[in-house]
Amino acid sequence: RYKTLPDNKSDAYELKMLTGAYNDMMLTLKVHDDNQQAFIMNASHELKTPLTVISSYARMLERFGKTREDLLDEGITAISEETTRMKYLTEQFLSFTKVTHSDTGGEMEYIPVVKLIESVVYRLEKVFKRNINIDASGRNPHIYVHPPAFEQLLRIFLDNAHKYSSDDIDVAVDETAHAVLIKITDYGIGIPEEDLGDIFTRFYRVDKARTRKTGGSGLGLSIAKQLADNNDIKISVSSKVDEGTTFTLIIKKEADNGEAE
Ligand code: ADP
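Each residue of the sequence shown is one higher than the one before, starting from 197 at the first, in the UniProt record's numbering.
Written out as C-alpha cells, the structure is:
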C-alpha cells in the first residue's frame with residue numbers, strides 16, 4: 197500500500213535524469229564561481245601594488261611632507277601616477293566583465309571596414325605620436341559586426357603594437373572569397389613561441405618584469421578574444437622574438453551580404 201519512490205521504471209529514470217541535471221547545474225555554478233573567485237583574486241592582486249605605493253607615500257608625506265620639499269614632489273608624482281594606473285586597471289576590469297556578460301555586444305551592422313580603421317588610426321596616431329600605415333590595396337570590403345566592439349578590438353591590438361614596439365605599425369586589409377583579413381603588424385619585441393598559446397588567458401603576461409613598465413593589465417587580449425567571439429571573428433597570431441608580431445583578424449563573409457555595397 198505504501199508508495200515508495202521510485203515505484204516504477206519511469207520514475208526511477210526521471211529521478212536519475214533530475215539528479216543528473218542538478219549535478220550538472222551545480223558543476224556549472226561551481227566552475228562559474230571558481231572563475232569569478234579567480235578573477236577577483238587576480239584583480240585584487242593587481243590593485244594591491246599601486247595601493248601599497250599610494251599608502252606608503254601618503255604616510256611619508258604625513259610625517260615629512262611639510263619639511264622636505266623633494267619628498268613632497270616625489271610623493272605627489274608617485275600618488276598621481278599610481279592613481280592613474282588604478283583607474284586604468286578598474287576600467288579594464290569593468291570592460292572585461294561587460295564583454296564576458298553580453299552575447300554580441302550590441303547591434304550588428306554592415307560597415308565599410310577600411311573607413312573604420314582609418315578613423316581609429318587617425319586618432320591613435322596622434323596619441324602614439326608615430327606612423328600607422330594602412331594598406332588596403334584599393335579594397336573596400338564590408339563586414340558584419342557590432343561597430344563599437346570592433347573598434348575596441350582594433351584599439352587593443354594597436355595599443356599592444358604601440359606598447360611592445362617602437363617603429364611604424366602596419367595594418368593590412370586583405371580579402372578571400374569567404375573572409376576579410378585584417379593584419380596588425382609591429383616590429384617590436386615579439387612573443388616567445390612557448391607563450392603564444394597563453395597570451396589570450398586573462399592576466400597572462402609574457403614577462404612580468406618587462407611588461408610591468410608598459411603598464412598593462414594582462415587583460416587586453418582576453419577582452420579582445422571575448423569581443424572577437426561575440427562577433428564571430430577568429431584571431432590568429434604569429435610572432436618572432438626581437439622581430440615582431442602579427443595579429444590577424446579573420447572575419448567571415450556572410451553568405452547573404454546583400455546589404456553590403
Ligand atoms: P597587457 O595589458 O599586459 O598588454 P594583454 O592581454 O594585452 O596584456 O597581452 C598579454 C601579453 O601578451 C602581454 O603582457 C605581452 O607580454 C604579450 N603581447 C601582447 N601583444 C604583444 C605584441 N604586439 N608584442 C609583444 N608582446 C605582446
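All C-beta atoms, glycine included, are put in the ideal place defined by N, C-alpha and C.
*So L312 packs on P344, CB below 8 Å; how close in whole Å?*
The Cβ separation is near 10 Å, so there is no contact.
*According to DSSP, which residues form a beta bridge with P246?*
Looking at the DSSP assignment, P246 forms no beta bridge with any residue, so it has no partner.
*Of all the options T245, V310 and T263, which has the alpha carbon lying nearest to the alpha carbon of E277?*
T245
*Please find out if some non-hydrogen atom of the ligand ADP comes closer than 8 Å to the beta-carbon of D363.*
no
*Secondary structure at A345, three-state DSSP: helix, strand or coil?*
helix
*Taking 8 Å as the line, does the beta carbon of V367 fall inside it for any heavy atom of the ligand ADP?*
no
_Closer than 8 Å: N219 CB and nearest the ligand ADP heavy atom_ = no
*For L320, verify whether its CB is less than 8 Å away from any heavy atom of the ligand ADP.*
no
*Identify which residue in K449, S434, G416 and E439 has its Cα closest to the Cα of L290.*
G416
*asked:* I'd like to know whether the C-beta atoms of S435 and I380 end up nearer to each other than 9 Å.
replied: no
_Rounded C-alpha distance that separates A456 from V367_ = Residue placement at A456 is flagged as unreliable, the pLDDT there being 44, under the threshold of 50; a coordinate-derived value is accordingly withheld.
*So, is F353 buried or exposed, given that buried needs 16 or more other C-beta atoms within 10 angstroms?*
buried
*asked:* Measuring alpha carbon to alpha carbon, tell me which residue in G216, D438, L423 and L377 is nearest K294.
replied: L423
*Around the C-beta of G454, are 16 or more other C-beta atoms found within 10 angstroms, so that it is buried, or is it exposed?*
The predicted model places G454 with a pLDDT of 48, which falls under 50 and marks its position as unreliable; any figure quoted below should be read in that light. Under this definition G454 is an exposed residue.
*Can we count I378 as close to the ligand ADP, meaning its CB is less than 8 Å from some heavy atom?*
no
*Report back the beta-carbon spacing between I447 and V376 to the nearest angstrom; my notes put them in contact at under 8 Å.*
5 Å
*asked:* Rounded to whole angstroms, what is the Cα-Cα separation between V437 and M304?
replied: 37 Å
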